Structure formats: structure tokens, C-alpha cells
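Take 1 as the starting number for the sequence shown in full-length UniProt numbering and just add one per residue. Note that the Cβ used here is the ideal one computed from N, Cα and C, for glycine as well. Here the structure is a predicted model, which is why all the values come from computation and not from measurement. Please read the structure below before turning to the comments.
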Amino acid sequence: MACGISMKLSEDVGIYIFIRLPVKSLMRFKSISKTLYVLIGSTTFANLHLNHATITKDELILFKRSTKEESEQFKNVLSFISHIGDDGFIPLHPDLNVPHLTNDYGSLFHHLIGPCHGLIALTDSVVTVLINPATRHYRQVPPCPFGCPKGYHRTIEGVGFGFVSILNDYKVVRLSDVYWDPPYGYAEGRDSKVDIYELSTDSWRELEPVEVPSIYYLPCSEMIYKEGVHWFASTEKVVILCFDIGTEIFRNMDMPDACHSIKQSRYGLLVLNQCLASICYNDPGCAIDPTQDFLHIWIMKEYGVSESWIKKYTIRSLNVESPLGFWKDQFLLVASKTGQLIYYDVNSDEWKELRLLGYRTSLRVIVYTESISSIPSGRQHGTQAQIF
């Protein structure tokens, strides 16, 4: 009896220690013994480790940018950042090129979506690659097999990525507009089409036809929060379109009323203080009086309740192309009009450059915590995860 209690206590102490270790160390420990391999590789341990990292705000930055090659192709580069300080940033890993998504133009429009239970999606709407930046594993999602009838054409308007905790499964959702394309004249009509990919089955399926407002694409506007994928959409006004990744139901949420009264404005979605946040900023393509150039940030105190929006910050702008994300609830990361990653410190009221350059509309950021979570392969002979 005493021996059993001692062994259980020893195991609990071991878990208490291991959940505080970085993923790189845990990967080494997995090779020491079968017991540690099973423990560290379990879903239960992965959840405990991720929860601890989230609570302690051990946040890292994944930064995506596109650079132009001599061949006139755009190349995606991923940078992994562990710290921002007065002297710049500290890289966590060497920069990584992403060969799956390199072409003549598309790198400018590639999105980072996540983090989602330890994983991040990099997509150009057609090709989607799932990445665990901590374990350095990635897996390419198989292409969607569904097309549209002859005489019609489709445009992919939005892509989302999420995790359903009750099913322990990841999903990719793709929203398309389908139009009748007559031989002469302009495309007519508009129907919405929604395709879902499930990692557990490694397969795509189509949702029943549903009416969805037109996606209003802006940088920093595809976001996962509370198992909901969010975009901006156009109705009589701009709204936040939410797709519950578990129930697979759409709904609209109103933005702060004050957003609609700001002329020549753009919008972004962030997570700040564990709340859904909306940022309103001036259109970088319009001439703005410098004395009126501000960023406005609201947070939704009660998720889904439009009346709970409160203004959190009004920040003087500085050559901003688009917002990218918040790090540690202190640093607002943005893309400048010259293609630099810069940040604003809400505590010191200072803007600083990080000397990371790319094509100005290609910059994307994901703030994440390290996770030991594996990328499921789905079917027995499905696509397997690889190491970069």
C-alpha cells in the first residue's frame, strides 16, 4: 500500500516538473525510456503542459513575411521570436523557408491562423499547411475535392482553423462564393458554399447550403477564439461573422458603434486580456491628417454580447499598414507601410522597429505558447507529419 502511494506521489511530482519544461527538453526525455515516451506523448500530458504555458503567459511569436527572389517569385519566410527588448528581438530558431507556398504572387496573401491547441495553419486558401512550431512538425492538408457545376465559378473568400475539445479533433473550414458564369456578360447571382476538413478522418465534406454574408477581407481578420472562427463580413454594415467550429453554425456579431463613425477606416481582430478585441485604424491608402491618425482598440467584455464593447486604448498611429497582433497584453505588433515589423508598448507609449523586413502586405504574426501536441494523421494511410 505504502509502495503504491509512493509510486503515485513520485509520478505526480514528475508530471509537476515536466509540465514546466520547454518542448525541446521534453522531446529529449521521450527517448530515455518507454515510460517517459508514453507519458509525454499522451493527450493528457499535452493538455497539462499547454495549460501551464498559457497560464504563465510563456508567449512566443511566429512572424511570416514574403521576400522577392531574383526569379520574380515571392518566398515565404517564417521567423520564430522568443523575446523583444531594447536591443531588438531574440530568435528562437533559424528562419524557415516554406517551399509548399512559393509562387509568383500568392505569398502576398498567405495567412497564419491560430494558435489552435498548439497548432498553427499557414494557408493561401487553396493549400493549407499545419505547423507545430515547438516540435517543428508540419503536415500538408490534402486538397479539397469539391468543385462547382459547369457554367459556374467559385472564389474562396475565407479559411478558418479550429479545435473541437469535446471531439478532440481539428477542423479546417473554407468559405466560397459561387456564381453563375454566363457565356456573355457578367457573373450573376451568389451562393455560399462551405467545405469542412476533419483531421481525425483525413477527409473533406460539404455542409448543407447556408446563406452567409460576403466576407470583407482585411489583414488580421481571420481569427480563432473560444472555438469560433471569426471574419469581417458585409451586410448593411460591417459585422463580425462567427462560425462555431463544434456546432458548425454561423452567427453575426455587431462591432462597436463608434467604429462605423470613423471615416476611411479599416478593422482588425485581436485577443487582448483574454477577450475578443476589435481594432479600428485609418486606411493606409488614404491621405490622413497626422493629428487625426489614431488606432482605436475595443474589447468585448462578455463574448457574444455586442453591448459589452468597451474602449481600451486610443493610440497615436505611426506609419501603420495593418495591425498584426498583441503580445503579452503589452506590445501591439503592426506592419509598417515600409514593410517592417514594429511594435507599440502600451506601458511606455513608445513605438519601436524590430528590423524584420518583408513585402508590406505580406506580414503576418501569430502569438503562441509552446505545445507538445502532435499533428494527427487521421486515417491509417493518411498524410503523415514531417519535420522541418
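Rounded to the nearest whole angstrom, the C-alpha separation of Leu48 and Leu21 is 12 Å.
Annotation: Gly358 to Tyr281 spans about 21 Å, alpha carbon to alpha carbon. Nearest neighbour of Ser203 by Cα position, chosen from Gly14, Ser377 and Lys24, turns out to be Ser377. With a threshold of 16 other beta carbon atoms within 10 Å, Thr135 meets it and is buried.
Remark: C-beta atoms of Ile297 and Leu272 approach each other more closely than 8 Å. Taking C-beta atoms under 8 Å as the contact rule, Ile215 and Ala233 qualify, at a distance of about 6 Å.
In this structure, the straight-line span from the alpha carbon of Val367 to that of Leu60 is close to 6 Å. Remark: C-beta atoms of Phe63 and Ile81 approach each other more closely than 8 Å.
Phe161 is positioned such that its CB atom lies closer than 8 Å to that of Ile224. With contacts defined as CB atoms closer than 8 Å, His117 and Ile387 fail to qualify as a contacting pair.
According to the DSSP assignment, Asn273 belongs to no alpha helix (DSSP H), since it is labelled neither H nor E. In this structure Ser66 touches Asn76 by the C-beta definition: roughly 6 Å separates them, less than 8 Å. Met255 and Leu199 have their C-alpha atoms spaced approximately 32 Å apart. Remark: C-beta atoms of Val129 and Val173 do not approach each other more closely than 8 Å. In the three-state reduction of the DSSP assignment, Gly339 falls in the coil class. Residue burial annotation: Gly325 is buried, with at least 16 other C-beta atoms found within 10 angstroms of its C-beta. Per DSSP, Met27 lies in no beta strand (DSSP E) segment; the continuous alpha helix (DSSP H) that holds it begins and ends at Val23 to Phe29. The Cβ-Cβ distance between Leu332 and Val365 does not fall below 8 Å. Taking 8 Å as the cut-off, the beta carbon of Trp231 is found no closer than this to the beta carbon of Gly304.
Taking C-alpha positions only, Ser192 is separated from Asp181 by approximately 15 Å.
Along the length of the stretch 221 to 252, whole beta strand (DSSP E) runs at least 3 residues long occupy 223 to 225, 228 to 234 and 238 to 244, reported in chain order.
Between the alpha carbons of Tyr179 and Val164 lies a distance of about 32 Å.
Here Glu211 carries a coil assignment [DSSP, helix/strand/coil].
When beta bridges are read from the DSSP output, Ser176 appears opposite Ile156 and Lys193.
Per DSSP, the unbroken beta strand (DSSP E) holding Tyr138 starts and ends at His137 to Gln140.
Residue burial annotation: Lys171 is buried, with at least 16 other C-beta atoms found within 10 angstroms of its C-beta. Counting C-beta pairs with one atom in each stretch, the stretch 311 to 329 and the stretch 20 to 35 have fewer than three that are closer than 8 Å, which means they do not touch. Put simply, the backbone Cα of Asp257 is about 15 Å away from that of Leu295. In the DSSP assignment, the residues bridged to His93 are Phe80.
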